[in-house]
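**Student:**
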Amino acid sequence: MAKAAAKTKAAASASVERRPALAGRTLSAPGVKVEILPPAERVSLRAPQASVAALSKALGVTLPVKPKSSAAKDGRTALWLGPDEWMIIDEAGNDPLADCAKVTALHSAVGISHRNVGISVAGPAAAVTVNSGCPQDLSLEAFPVGAASRTILGKSEIVLLRIAADVFRVECWRSFSDYVFTLLSEAASDAAN
Amino acid sequence: MNAMFRISGAGRLSQAKTASFSFDDKSYTGIEGDTLASALLANGVHLVGRSFKYHRPRGVLSAGAEEPNALVQIVRDDARKTPNVRATVQELYDGLTAHSQNRWPSLSFDVGAVNDIASPLFSAGFYYKTFMWPKSAWKSLYEPKIRAAAGLGVSPGKPDPDHYAARYAHCEVLVLGGGAAGIAAALAAAEAGVRVILADEQAEFGGSLRFESGARIDGQDGYAWAQAAIAKLKAMDNVRVLSRTTAFGYYAQNFVGLVERVSDHLKNPGRELARERLWQVRAGRVVIATGAIERHMVFANNDRPGVMLASAARTYLNHYGVAVGRNVGVYTANDSAYAAAIDLKKAGVNIAAIVDLRDNPAGPAIDEARALGIEINFGRAVVSAGGKLRVSSMTVQPKNGGGGRTIPVDAILMSAGWTPSVHLFSQSRGKVAFNDETKRFVPGTYAQDCVSVGACNGTDGLDAAVDEAYAAGAKAAKEASGKAGKGAKPKVDAGESWSRGMLGAAPGAGPGTTVKAFVDFQNDVTAKDIRQAVHEGMHSIEHVKRFTTNGMATDQGKTSNMHGLAIAAEELGKPIPQVGLTTFRAPYTPVTFGSIVGHARGALFDPTRRTATHGWAASQGAVFEDVGHWKRAWYFPKAGEDMHAAVNRECVTVRKVAGLFDASTLGKIEVVGPDAAKFMELLYTNPWEKLETGRCRYGIMLREDGFIYDDGVVGRLAPDRFHVTTTTGGAPRVMNHMEDYLQTEFPHLNVWLTSITEQWAVIAVQGPKSREIIAPLVEGIDMSDEAMPHMSVREGKICGVPTRLFRMSFTGERGFEVNVPADYGEAVWEALWAEGQKHGATAYGTETMHVLRAEKGYIIVGQDTDGTVTPNDAGLDWAVGKKKTDFVGIRGLTRPDLVAKGRKQLVGLKTKDPKVVLEEGAQIVADPKQPIPMKMIGHVTSSYWSENCGRSIALALVAGGRDRMGQTLYVPMPNGTIEVEVTGMVFVDEKGERLNG
Numbered sequence: 001m002a003k004a005a006a007k008t009k010a011a012a013s014a015s016v017e018r019r020p021a022l023a024g025r026t027l028s029a030p031g032v033k034v035e036i037l038p039p040a041e042r043v044s045l046r047a048p049q050a051s052v053a054a055l056s057k058a059l060g061v062t063l064p065v066k067p068k069s070s071a072a073k074d075g076r077t078a079l080w081l082g083p084d085e086w087m088i089i090d091e092a093g094n095d096p097l098a099d100c101a102k103v104t105a106l107h108s109a110v111g112i113s114h115r116n117v118g119i120s121v122a123g124p125a126a127a128v129t130v131n132s133g134c135p136q137d138l139s140l141e142a143f144p145v146g147a148a149s150r151t152i153l154g155k156s157e158i159v160l161l162r163i164a165a166d167v168f169r170v171e172c173w174r175s176f177s178d179y180v181f182t183l184l185s186e187a188a189s190d191a192a193n
Numbered sequence: 001m002n003a004m005f006r007i008s009g010a011g012r013l014s015q016a017k018t019a020s021f022s023f024d025d026k027s028y029t030g031i032e033g034d035t036l037a038s039a040l041l042a043n044g045v046h047l048v049g050r051s052f053k054y055h056r057p058r059g060v061l062s063a064g065a066e067e068p069n070a071l072v073q074i075v076r077d078d079a080r081k082t083p084n085v086r087a088t089v090q091e092l093y094d095g096l097t098a099h100s101q102n103r104w105p106s107l108s109f110d111v112g113a114v115n116d117i118a119s120p121l122f123s124a125g126f127y128y129k130t131f132m133w134p135k136s137a138w139k140s141l142y143e144p145k146i147r148a149a150a151g152l153g154v155s156p157g158k159p160d161p162d163h164y165a166a167r168y169a170h171c172e173v174l175v176l177g178g179g180a181a182g183i184a185a186a187l188a189a190a191e192a193g194v195r196v197i198l199a200d201e202q203a204e205f206g207g208s209l210r211f212e213s214g215a216r217i218d219g220q221d222g223y224a225w226a227q228a229a230i231a232k233l234k235a236m237d238n239v240r241v242l243s244r245t246t247a248f249g250y251y252a253q254n255f256v257g258l259v260e261r262v263s264d265h266l267k268n269p270g271r272e273l274a275r276e277r278l279w280q281v282r283a284g285r286v287v288i289a290t291g292a293i294e295r296h297m298v299f300a301n302n303d304r305p306g307v308m309l310a311s312a313a314r315t316y317l318n319h320y321g322v323a324v325g326r327n328v329g330v331y332t333a334n335d336s337a338y339a340a341a342i343d344l345k346k347a348g349v350n351i352a353a354i355v356d357l358r359d360n361p362a363g364p365a366i367d368e369a370r371a372l373g374i375e376i377n378f379g380r381a382v383v384s385a386g387g388k389l390r391v392s393s394m395t396v397q398p399k400n401g402g403g404g405r406t407i408p409v410d411a412i413l414m415s416a417g418w419t420p421s422v423h424l425f426s427q428s429r430g431k432v433a434f435n436d437e438t439k440r441f442v443p444g445t446y447a448q449d450c451v452s453v454g455a456c457n458g459t460d461g462l463d464a465a466v467d468e469a470y471a472a473g474a475k476a477a478k479e480a481s482g483k484a485g486k487g488a489k490p491k492v493d494a495g496e497s498w499s500r501g502m503l504g505a506a507p508g509a510g511p512g513t514t515v516k517a518f519v520d521f522q523n524d525v526t527a528k529d530i531r532q533a534v535h536e537g538m539h540s541i542e543h544v545k546r547f548t549t550n551g552m553a554t555d556q557g558k559t560s561n562m563h564g565l566a567i568a569a570e571e572l573g574k575p576i577p578q579v580g581l582t583t584f585r586a587p588y589t590p591v592t593f594g595s596i597v598g599h600a601r602g603a604l605f606d607p608t609r610r611t612a613t614h615g616w617a618a619s620q621g622a623v624f625e626d627v628g629h630w631k632r633a634w635y636f637p638k639a640g641e642d643m644h645a646a647v648n649r650e651c652v653t654v655r656k657v658a659g660l661f662d663a664s665t666l667g668k669i670e671v672v673g674p675d676a677a678k679f680m681e682l683l684y685t686n687p688w689e690k691l692e693t694g695r696c697r698y699g700i701m702l703r704e705d706g707f708i709y710d711d712g713v714v715g716r717l718a719p720d721r722f723h724v725t726t727t728t729g730g731a732p733r734v735m736n737h738m739e740d741y742l743q744t745e746f747p748h749l750n751v752w753l754t755s756i757t758e759q760w761a762v763i764a765v766q767g768p769k770s771r772e773i774i775a776p777l778v779e780g781i782d783m784s785d786e787a788m789p790h791m792s793v794r795e796g797k798i799c800g801v802p803t804r805l806f807r808m809s810f811t812g813e814r815g816f817e818v819n820v821p822a823d824y825g826e827a828v829w830e831a832l833w834a835e836g837q838k839h840g841a842t843a844y845g846t847e848t849m850h851v852l853r854a855e856k857g858y859i860i861v862g863q864d865t866d867g868t869v870t871p872n873d874a875g876l877d878w879a880v881g882k883k884k885t886d887f888v889g890i891r892g893l894t895r896p897d898l899v900a901k902g903r904k905q906l907v908g909l910k911t912k913d914p915k916v917v918l919e920e921g922a923q924i925v926a927d928p929k930q931p932i933p934m935k936m937i938g939h940v941t942s943s944y945w946s947e948n949c950g951r952s953i954a955l956a957l958v959a960g961g962r963d964r965m966g967q968t969l970y971v972p973m974p975n976g977t978i979e980v981e982v983t984g985m986v987f988v989d990e991k992g993e994r995l996n997g
């Protein structure tokens with residue numbers, strides 16, 4: 001689906017084909033499915049406290065200020081990554097970088113749509129799968145739905161977002177995606193045991 | 001078919017489910033639930049191995065993880081031959097194949113046993129003393145021979161085909177050990193609703209309830225209670241029950257390593273099953289319930305097969321239904337061996353005699369043994385065991401000396417008392433304390449949030465242990481979560497209680513004797529060896545340990561440490577606590593490399609990073625090289641070309657026409673904020689404030705000490721936005737370096753750093769035709785020299801997608817670097833390649849890139865610099881802002897040694913013979929005729945064949961190099977000395993006209 005959509009868009013603007021890393025890769029194991037998510041728009045947003053309100057308004061989603069949390073609205077998610085740092089992921093095809101550009105309040109917005117690859121880990125064994133390489137406590141008490149954290153998976157840095165009780169979004173850098181997907185796949189095969 | 005020593009009606013295994021197995025190529029039958037040890041004993045096989053040093057025949061000592069003797073090799077196939085497996089732990093499966101170790105030609109006749117006869121030669125410290133001279137013989141003679149003779153088991157010759165899983169887990173309460181105490185603690189914690197993990201190394205839970213026949217809890221048989229409790233725990237969502245799982249290491253902040261043996265007990269484990277699973281658990285509270293280990297008696301020939309721990313014999317009887325002999329002697333210094341004698345007697349095994357070192361012990365166990373008609377000898381000692389491949393008798397005499405008698409037996413059960421298993425407590429950095437009354441080390445001062453319960457805490461008696469454990473489990477849950485449970489404490493209706501015993505050598509093996517009374521079975525250390533170590537001046541227990549190797553085998557002295565310590569203390573005339581205990585270290589029992597490695601093997605050993613154009617390059621036959629984690633195209637050989645030919649062609653084509661190169665791996669950092677230029681001024685030596693938007697500059701970054709740290713081209717996209725590039729290898733550390741300074745030194749600056757290395761694919765198009773190749777694909781950018789001069793950057797579109805188009809050159813030719821969002825990288829590359837084909841352009845790899853830049857004298861940080869090179873040394877003074885008052889490294893640059901004359905400076909070298917290519921790293925001297933060692937004045941940093949120059953070229957760091965222009969220097973090599981001339985660093989187009997050519 002995602003690939004087809006990307007192609008249509010490309011044809012319309014007569015631009016070259018977009019070839020996302022690992023597009024379409026999936027792995028199903030008992031209790032968990034690991035799959036590459038379609039491309040999304042992403043912004044690395046840095047801003048002081050004083051700019052949060054203006055940026056929230058422009059983005060249409062209230063930037064969370066609580067550590068390890070996220071906020072989502074209309075296909076756009078803001079992940080708290082640090083006291084002055086958020087990652088904005090837009091899956092609705094809108095342009096958060098353009099939205100930030102309208103804000104005059106002090107901030108830094110850098111487009112990183114192609115830097116990252118999103119991987120979905122879903123199913124009753126999703127948390128165990130992620131825990132194969134991620135040392136965080138992923139119980140619902142410690143890492144509730146909506147929790148977000150920049151952390152590690154094995155030897156790769158990831159950003160982890162809990163979409164639902166048994167669904168995680170794993171974000172990693174493009175060139176690490178093969179490693180991250182493969183590790184999650186191996187872990188998935190062990191997770192139900 | 002029932003094996004000879006299997007007693008019908010005894011034990012808990014179903015005798016209907018048989019499993020055949022082989023040991024040393026002989027077939028036997030066991031039953032499901034057996035360990036290899038119990039199955040061998042059921043078949044009357046006691047001789048299972050040869051000892052490490054003396055090659056003495058050895059049998060099964062224990063029924064658990066502490067086993068020092070019964071080490072075997074388990075063979076599944078060529079690739080899966082596991083050495084040093086404890087037969088007491090290995091579960092039987094149908095078709096199991098095991099071999100004995102450390103014997104040749106056979107277990108019953110072993111040539112190496114000559115060591116036993118010659119043992120007066122092989123006393124403690126033998127190796128240290130004997131094989132000292134000549135020194136050269138160590139490598140050629142002593143070490144290989146000793147290693148071959150000493151080896152235990154054989155390593156598999158093929159890669160391990162099994163896979164290993166890993167998992168992190170968190171819980172409020174982690175309970176280590178699943179005996180009565182551990183189960184009680186887990187129940188209490190689980191009832192509070194907190195997350196509990198309960199781990200035990202055995203296949204079944206119950207611990208000593210496996211053999212303690214009289215135990216009754218909550219109205220049930222003790223073992224049955226344990227199984228019911230485990231079933232209850234398994235049914236609870238908040239509890240994870242891990243059997244076959246050993247807690248091997250206790251680390252900081254309640255981080256505990258566990259290894260779960262997932263499939264070693266299965267006949268045909270499916271590929272989907274890992275062999276082992278590593279659990280790394282972070283626990284709020286840890287309850288240590290690791291029990292106690294029975295000690296053997298230290299007397300002559302106490303290692304003969306058939307001599308074993310009393311509790312082990314009882315386990316084999318009560319759990320596995322196996323009698324360890326038909327006519328059994330017992331030698332004890334405490335009550336627990338009586339229970340073994342009673343159980344065996346009731347099962348129909350003759351007890352030849354109980355020999356009790358104590359003078360007048362009393363108690364129900366003794367009364368019961370007497371009532372059963374067992375002969376009991378108080379105040380007597382077994383001074384020797386008879387027999388060789390199997391014990392045949394025991395010689396008994398009054399403990400203070402006097403006439404002895406020899407009693408025929410086929411097994412001796414022994415118990416010197418119980419040693420609390422404080423290993424994990426000690427690993428947690430807790431301090432043990434010696435209880436002088438009970439003569440044992442027990443947990444003293446705690447260093448972490450943990451608690452010891454039951455036998456490992458020195459708590460005697462089932463009743464007291466369960467009480468203590470249940471309370472501790474509830475308390476741990478409360479402390480970790482604030483929650484309290486509402487369950488009922490298990491009620492112990494009947495249970496045994498034993499304590500005391502003796503430490504050290506028994507009568508007959510005391511000072512002045514030379515008998516082989518083993519303290520440490522696995523490392524063949526006798527009581528005499530310990531005493532000898534003390535005589536030779538080892539007064540610390542740590543020295544005694546290393547001199548004798550007592551406790552240093554893979555069993556880590558689980559049965560031997562306390563005896564060894566007591567003998568040393570006696571010899572030193574000091575109380576035990578003053579001699580001290582050796583340190584307990586992880587792992588508690590041996591851990592496979594596989595479980596530590598886990599998933600990190602093959603493709604997952606380390607991330608392999610590929611660029612967006614990797615697939616294209618691979619399809620063109622590119623050869624790749626590893627640069628950090630990256631795979632980079634090294635060169636693109638055409639049919640029939642070797643590397644040399646391919647690189648020559650690529651180099652020439654770039655300068656004649658053009659070339660395409662994937663530069664995506666270069667680090668890229670977007671520096672954004674109103675103070676971006678100020679920040680750049682502080683981090684780089686160059687001036688940035690006046691750099692116009694749309695222009696680029698080559699920047700140098702120093703460390704505080706004034707040495708070059710990194711370099712790269714930086715483009716200014718807007719007054720408040722810079723696009724910084726770094727070296728490929730430097731990308732992460734440059735980012736950290738910048739972030740570090742921003743947060744600690746310059747926090748007042750309004751600027752932020754974002755890594756965009758992977759956002760942009762970078763396609764370098766270099767050469768006279770580069771503009772003609774790119775221009776047709778670009779929209780909205782005027783690429784004329786006037787509108788877009790060398791060192792400028794424009795934003796626009798290429799092939800319909802956004803681009804940051806840099807005009808810059810790392811070749812000395814007119815050049816561009818096309819940045820496009822990474823997912824478009826390959827398609828844009830293909831479009832540029834199609835354009836390039838019209839002109840005869842080439843794709844080139846990192847080797848050609850290196851040659852082309854060297855032809856221009858452009859340095860590579862980390863190759864031509866090594867962390868001791870200043871900008872001046874590298875001839876880059878022009879890049880240091882002379883009017884600047886501050887930047888990182890500015891003070892370092894003024895250090896006296898950094899401005900001193902004679903520093904090594906980067907220069908060019910031309911070999912007198914143009915065909916000779918120098919070796920990178922080769923040393924340079926001024927006078928080749930001076931005596932060795934010569935004074936070395938520098939070294940070659942870069943060296944290549946340059947097809948464009950028709951000769952070799954090199955860069956070198958040479959002391960006072962720029963003052964030596966035109967001088968002849970020498971590079972002494974194994975095959976002769978090479979003459980070189982010192983030159984400038986630019987070998988092609990000295991005036992730089994080709995940048996606009």
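Sequence order for the protein chains is A and B.
FYI, the working numbering numbers position 4 of the first sequence as 4, with every residue one higher than the one before it.
FYI, the working numbering numbers position 926 of the second sequence as 926, with every residue one higher than the one before it.
We put the beta carbon where it would ideally sit given N, CA and C, even for glycine.
Quantities reported herein were computed from a predicted structural model and do not represent experimental measurements.
(1) Buried or exposed for S155 (chain B), going by 16 or more other Cβ atoms inside 10 Å?
(2) Ignoring anything shorter than 3 residues, give me the beta strand (DSSP E) runs that lie fully in the stretch 124-193 of chain A, in order along the chain.
(3) Looking at the structure shown, is F109 (chain B) part of a helix, part of a strand, or coil, going by DSSP?
(4) Would you list, in chain order, the members of the stretch 20-46 of chain A that have their beta-carbon closer than 7 Å to a beta-carbon of chain B?
(5) I want to see whether chain A comes within less than 8 Å of R273 (chain B), judged by CB atoms only; does it?
(6) Under 7 Å Cβ to Cβ from A323 (chain B), same chain only, skipping five residues before and after it: list those, please.
(7) Taking the straight line between their C-alpha atoms, what separation do you get for Q967 (chain B) and V980 (chain B)?
(8) Rounded to whole angstroms, what's the CA-CA distance from K73 (chain A) to A122 (chain A)? Just pull it up for me.
(9) Compare the C-alpha of F425 (chain B) against each of B:M297, B:R609, B:T583, B:A787 and name the closest.
(10) Drop a sphere of 10 angstroms on the beta-carbon of D356 (chain B), count the other beta-carbons inside from all chains shown, and report buried for 16 or more, exposed for fewer.
(11) Put M791 (chain B) into one of helix, strand or coil per three-state DSSP.
(12) Counting only C-beta atoms, is A86 (chain A) closer than 8 Å to chain B at any point?
(13) Within its chain, find whatever has a CB closer than 6 Å to the CB of S499 (chain B); leave out the 5 residues flanking it on each side and keep chain order.
(14) Please name the residue, chosen from A:K33, A:F176, A:L45, A:H114, that lies closest to W80 (chain A) on a Cα-to-Cα basis.
(15) Since Q101 (chain B) and L71 (chain B) are thought to touch, with beta carbons under 8 Å apart, how far apart are those beta carbons, to the nearest angstrom?
(16) Under 8 Å, do T727 (chain B) and G712 (chain B) count as touching if we go by C-beta distance?
(17) Tell me, which residues are paired with Y331 (chain B) by DSSP?
**Tutor:** Considering the structure as presented:
(1) What you label residue 155 (chain B) is simply residue 155 of the second sequence in a count that begins at 1. Exposed, because fewer than 16 other Cβ atoms sit within 10 Å of the Cβ of S155 (chain B).
(2) 148-153, 156-164, 167-173
(3) As a working note, residue 109 (chain B) is residue 109 in the second sequence. When DSSP states are grouped into helix, strand and coil, F109 (chain B) belongs to the coil group.
(4) P20, P39, S44, R46
(5) Position 273 of the second sequence, counted from the first residue, corresponds to residue 273 (chain B). According to the sequence as given, residue 273 (chain B) is Leu; it is not Arg. For L273 (chain B), the nearest beta carbon of chain A is closer than 8 Å to its own beta carbon.
(6) To locate residue 323 (chain B), count along the second sequence from 1; it is residue 323. Hits under 7 Å: F5, I7, L317, L344, A347, V349.
(7) As a first step, residue 967 (chain B) must be located in the second sequence, where it is residue number 967. As a first step, residue 980 (chain B) must be located in the second sequence, where it is residue number 980. So the alpha carbons of these two residues sit roughly 8 Å apart.
(8) To locate residue 73 (chain A), count along the first sequence from 1; it is residue 73. To locate residue 122 (chain A), count along the first sequence from 1; it is residue 122. Cα to Cα, the separation comes out at about 21 Å.
(9) Residue mapping note: residue 425 (chain B) aligns to position 425 of the second sequence, counting from 1. Considering only alpha carbons, the answer is B:T583.
(10) By 1-based counting over the second sequence, the position of residue 356 (chain B) is 356. So D356 (chain B) counts as buried.
(11) By one-based count along the second sequence, residue 791 (chain B) stands at place 791. The answer is coil: DSSP assigns M791 (chain B) none of H, G, I, E or B.
(12) Counted from its first residue, the first sequence places residue 86 (chain A) at position 86. According to the sequence shown, residue 86 (chain A) is Trp rather than Ala. With 8 Å as the cut-off, W86 (chain A) does not count as an interface residue toward chain B.
(13) Residue mapping note: residue 499 (chain B) aligns to position 499 of the second sequence, counting from 1. Counting only Cβ-Cβ distances below 6 Å, and skipping sequence neighbours, we find T438, D460.
(14) If you number the first sequence from 1, residue 80 (chain A) lands on position 80. The alpha carbon of W80 (chain A) has as its nearest neighbour, out of A:K33, A:F176, A:L45, A:H114, the alpha carbon of A:L45.
(15) Here residue 101 (chain B) corresponds to residue number 101 of the second sequence, with the count starting at 1. Here residue 71 (chain B) corresponds to residue number 71 of the second sequence, with the count starting at 1. Right, their Cβ atoms sit about 6 Å apart.
(16) For the purposes of this step, residue 727 (chain B) is identified with residue 727 of the second sequence, where counting begins at 1. For the purposes of this step, residue 712 (chain B) is identified with residue 712 of the second sequence, where counting begins at 1. Yes.
(17) The residue labelled residue 331 (chain B) in the question sits at position 331 within the second sequence. According to DSSP, Y331 (chain B) bridges with B:V355, B:M414.
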